[in-house]
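The opening residue of the sequence shown carries number 1 in UniProt numbering; numbering runs sequentially from there.
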Amino acid sequence: MTQQFHDTTLSGQALDQIFRAARTYNGWLDKPVSEAQIHAIYELMKMGPTSANMQPARLVWVTSDDAKEKLAQLCSDANKDKVRAAPVTVIIGYDIDFHEELPWLFPHTDAKSWFEGNEAGRKEGAARNSALQGAYLIIAARALGLDCGPMSGVDLDGVTKEFFADQPRHRADWICSIGYGDPTTVHDRSPRPDFDKFNRIG
Numbered sequence: 001m002t003q004q005f006h007d008t009t010l011s012g013q014a015l016d017q018i019f020r021a022a023r024t025y026n027g028w029l030d031k032p033v034s035e036a037q038i039h040a041i042y043e044l045m046k047m048g049p050t051s052a053n054m055q056p057a058r059l060v061w062v063t064s065d066d067a068k069e070k071l072a073q074l075c076s077d078a079n080k081d082k083v084r085a086a087p088v089t090v091i092i093g094y095d096i097d098f099h100e101e102l103p104w105l106f107p108h109t110d111a112k113s114w115f116e117g118n119e120a121g122r123k124e125g126a127a128r129n130s131a132l133q134g135a136y137l138i139i140a141a142r143a144l145g146l147d148c149g150p151m152s153g154v155d156l157d158g159v160t161k162e163f164f165a166d167q168p169r170h171r172a173d174w175i176c177s178i179g180y181g182d183p184t185t186v187h188d189r190s191p192r193p194d195f196d197k198f199n200r201i202g
């Protein structure tokens, strides 16, 4: 029996929207992002692969004026107004004790036992895989017609204390504003290397 292959490559327009024409925005149009859109981003993001389906990312979606101001005060001067103006800024954090959820997230085997008694290993795995999930978040938001402004200029210890105070095993890692970007706030695109610069095929 001959297996049939189908071309499932996304359209050029879709690839432009997600990658080639997408930009990092520094300012935002006065246009809201709904809770339904926030849920839609997460429903796509969660489908991206993580090690043993650990899903370590813990997200806080900052939308109220009060929460925005609290977050802005923990940002570098260059990022304060970005957070204030964005419809939503999501805090991407991770749970050091993600392994407690593995019995239902990865029921095929006793994956929880792989991480018990190894907090350093859990921190490493949680940081790496939550960063992956943050990348999936950006792709999901762009795929849904939204723009992103990821930022690392933030007091992470302060964000952890302010926004994860009720979850002492959670740690903030970075933040990303989401909305409809103001095209006048985009810088010229920085260089992107050709394949041969940083790649080898063995």
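We treat Cβ as the ideally placed atom computed from N, Cα and C, and that holds for glycine.
As the structure is a computational prediction, the values presented were derived from the model and not from experiment.
Check                                                                                                                                                       : Outcome
Within its chain, find whatever has a CB closer than 7 Å to the CB of residue 103; leave out the 5 residues flanking it on each side and keep chain order.  : 112
Taking one C-beta from the region 131-145 and one from the region 67-78 each time, how about it: are there three or more such pairs within less than 8 Å?   : no
Grab me the residues of residue 179's own chain with a C-beta within less than 6 Å of its C-beta, minus the 5 sequence neighbours each way, in chain order. : 28, 33, 86 and 87
Between residue 121 and the rest of its own chain, which residues show a CB-CB distance below 8 Å, the 5 nearest in sequence each way excluded?             : 115
DSSP has residue 172 in a bridge; who is on the other side?                                                                                                 : 93
From the beta carbon of residue 66, is the nearest beta carbon of chain C less than 8 Å away?                                                               : Here chain C cannot be found, since the structure has a single protein chain.
Which first and last residues belong to the beta strand (DSSP E) in which residue 159 is found?                                                             : Run containing residue 159: none in the beta strand (DSSP E); it sits in the alpha helix (DSSP H), 156-163.
Mapping DSSP to helix, strand and coil, what is residue 50?                                                                                                 : coil
Could you check the C-alpha separation between residue 79 and residue 67 for me, to the nearest Å?                                                          : 15 Å
Confirm, please, whether the CB-CB distance from residue 163 to residue 96 is below 8 Å.                                                                    : no
Helix, strand or coil for residue 81? Go by DSSP, reduced to three states.                                                                                  : helix
Are the CB atoms of residue 132 and residue 48 within a distance shorter than 8 Å?                                                                          : yes
Tell me where the alpha helix (DSSP H) around residue 44 begins and ends.                                                                                   : 35-45
Could you pull the DSSP bridge partners for residue 114 from this structure?                                                                                : Partner(s): none; residue 114 has no beta bridge.
At the level of alpha carbons, what is the spacing between residue 93 and residue 129?                                                                      : 11 Å
Report the residue from 198, 186 and 196 whose alpha carbon sits nearest the alpha carbon of residue 22.                                                    : 186
If you drop the 5 nearest sequence neighbours on each side, which residues of the same chain put their C-beta closer than 6 Å to that of residue 110?       : none
How would you call residue 201, buried or exposed, if buried means at least 16 neighbouring beta carbons within 10 angstroms?                               : exposed
Quick one: measure Cβ to Cβ for residue 156 and residue 172, integer angstroms, because I've assumed they're closer than 8 Å.                               : 5 Å
Please return the same chain residues whose Cβ sits closer than 6 Å to the Cβ of residue 52, not counting the five positions on each side in sequence.      : 106 and 111
So, at 6 Å on beta carbons, what are the nonlocal neighbours of residue 56 in its own chain, with the 5 sequence-adjacent residues on each side left out?   : 94, 95, 98, 126, 129 and 130
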